[in-house]
Every structure is written in structure tokens, then in C-alpha cells.
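Novice: full-length UniProt numbering applies: residue 1 is where the sequence shown begins, and numbers increase by one. Note that CB positions come from ideal geometry on N, CA and C, so glycine has one too. Everything numeric in this text was worked out from a predicted model, so none of it was measured. Let me give you the structure first, and then I'll get to my questions.
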Amino acid sequence: TVTDIAAFDNKDTYARVKRSADGQKVSFEFKRIGQSTINEIERLIKVSISKAK
């Protein structure tokens with residue numbers, strides 16, 4: 001299942017999450033998102049995962 005995380009004016013830009021049918025695998029996909037935003041997303045994921053350990 002693929003779900004949009006945000007809506008953008010440009011049809012070539014997206015942020016979405018893809019989940020496997022059994023929910024065991026989750027992927028985040030980004031296209032044409034600025035590098036500073038990608039860096040911040042990575043930082044937030046790392047912080048969140050380190051808290052969940």
C-alpha cells in the first residue's frame with residue numbers, strides 16, 4: 001500500500017510511505033525534495049529509532 005505523506009503543486013514531487021501487505025516492511029520515498037529537508041528527515045528518523053530501542 002502506498003500513501004502520500006504530503007501534497008505538492010508539482011506533480012513530479014512526492015513524499016510517500018509504502019507498506020507491505022503484512023506490515024513488516026515500510027519504505028519512505030521522496031522525489032525532488034530539497035537536501036536540507038532530506039537531512040532533517042534522516043535526523044528525525046534516527047532520533048526516533050534510537051528512542052524506540
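Beta-carbon within less than 8 Å of I38's beta-carbon, same chain only, minus the 5 sequence neighbours each way: which residues are those?
Specialist: F30
Novice: Measure the Cβ-Cβ separation of T1 and A21 and say whether it is below 9 Å.
Specialist: Remark: C-beta atoms of T1 and A21 approach each other more closely than 9 Å.
Novice: DSSP on R32, reduced to helix/strand/coil?
Specialist: coil
Novice: Please work out which residues of its chain come closer than 8 Å, Cβ to Cβ, to V26, disregarding the five sequence neighbours upstream and downstream, and give them in chain order.
Specialist: V17, K18, R19, S20
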